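Using the working numbering, you'd call the opening residue of the sequence shown number 3 and step up by one each time.
Here a beta-carbon is modelled for each residue, glycine too, at the ideal position from N, C-alpha and C.
Nothing here was measured: the structure is a model prediction, and the numbers come from that model.
Below is one structure, written out as structure tokens; comments come after it.
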Amino acid sequence: MKKLKNVLIIGILCVIAFWVGLYAFRTQKPPTPPPTVSTGGGTPGHVGLQEINFVQVKDGVRLWELKAEEVEYQQPKNLVSFKKVALTYFPKGEKPISLVGNLGQLDTQTKNVTIEGEVIISTPEGYELKVPSLYYNNDKREVSSEEVFTFKGPDISLDGQGMAMNLDSQKVWVKKKARVTFHNSFFKS
Numbered sequence: 003m004k005k006l007k008n009v010l011i012i013g014i015l016c017v018i019a020f021w022v023g024l025y026a027f028r029t030q031k032p033p034t035p036p037p038t039v040s041t042g043g044g045t046p047g048h049v050g051l052q053e054i055n056f057v058q059v060k061d062g063v064r065l066w067e068l069k070a071e072e073v074e075y076q077q078p079k080n081l082v083s084f085k086k087v088a089l090t091y092f093p094k095g096e097k098p099i100s101l102v103g104n105l106g107q108l109d110t111q112t113k114n115v116t117i118e119g120e121v122i123i124s125t126p127e128g129y130e131l132k133v134p135s136l137y138y139n140n141d142k143r144e145v146s147s148e149e150v151f152t153f154k155g156p157d158i159s160l161d162g163q164g165m166a167m168n169l170d171s172q173k174v175w176v177k178k179k180a181r182v183t184f185h186n187s188f189f190k191s
């Protein structure tokens, strides 16, 4: 009798699960279409995508993530162009660093990168670099700009015209009109 009761309960639960599943299947929204691909107006060697999200993972660890509204690859010029680009870098053992810009270009041969239009690099600790354009030289492992920039953090503000930062040595050079302001909290620590 007890065995029969358990079988009936399991049977009733299976029927309920079937009907709930059928209801969920019939009322679900259609899947979102994959990113659209364009061929740059039919030009040979040009391929475009919209709304991409690319993540590089190594040994199960996320290294960086790239999001862009549009991407176009121009094979004859060895260029990848991005519109509304957002890059998040995940340094080992540290908090992520974010970069956003309106336009970006990657030279696929040299691996040099140019980002333009309201470029902002920020960290969760409250540090922020704002510059109209930024250039990354892969051979020198150097980020630079010739334009006016501002760098702000919880304890310091720095602005000037033209800057370069070597990623290996972590040294920063300001080319012209450097101005540094230390905030009160800088002296309290």
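Residues in the same chain with beta-carbon distance under 8 Å from residue i, minus the five sequence neighbours each way, listed in chain order, please.
| i | result |
| --- | --- |
| K113 | N140 |
| E149 | V133, P134, S135, Q163 and G164 |
| E144 | Y138, A166, M167, N168 and L169 |
Quick one: what does DSSP say residue i is sitting in, helix, strand or coil?
| i | result |
| --- | --- |
| P134 | strand |
| N168 | strand |
| N186 | helix |
| T152 | strand |
| Q58 | strand |
| N140 | coil |
| E127 | coil |
| T116 | strand |
| D157 | coil |
| Q111 | coil |
| K173 | coil |
Distance, Cα to Cα, residue i vs residue j?
| i | j | result |
| --- | --- | --- |
| V73 | G106 | 9 Å |
| T116 | Y137 | 5 Å |
| E67 | F153 | 23 Å |
| G95 | N55 | 23 Å |
| L65 | P98 | 10 Å |
| Q111 | N80 | 7 Å |
| V102 | E118 | 9 Å |
| K86 | N104 | 4 Å |
| S83 | Q77 | 11 Å |
| A180 | K173 | 15 Å |
| G50 | K178 | 39 Å |
| Q108 | Y75 | Strictly speaking, residue 108 in this sequence is Leu, with Gln absent from that position. Roughly 9 Å between the two C-alpha positions. |
| F92 | F151 | 24 Å |
| P126 | S171 | 22 Å |
Cutting at 6 Å between CB atoms, please list the residues of its own chain near residue i, excluding the five before and the five after it.
| i | result |
| --- | --- |
| T183 | S159 |
| V176 | G162 and M165 |
| S100 | T90 and S124 |
| A88 | K69 and V102 |
| I122 | V102 and K132 |
Once the 5 residues before and after residue i are set aside, which same chain residues still bring their CB inside 7 Å of it?
| i | result |
| --- | --- |
| G2 | Residue 2 cannot be examined here, being either before or after the span of the chain that is shown, 3 to 191. |
| S147 | V133, S135, L136, Y137, G164 and M165 |
| V57 | R64 and E67 |
| E120 | G103 and N104 |
| V59 | L65 |
Kindly examine the ligand SAH and report whether one of its heavy atoms sits closer than 6 Å to the Cβ of residue i.
| i | result |
| --- | --- |
| V145 | Judged by which ligands are present, the structure shown has none, so any question about the ligand SAH falls away. |
Handout entry: beta strand (DSSP E) runs wholly inside the stretch 76-105, at least 3 long, in chain order
Key = 81-91
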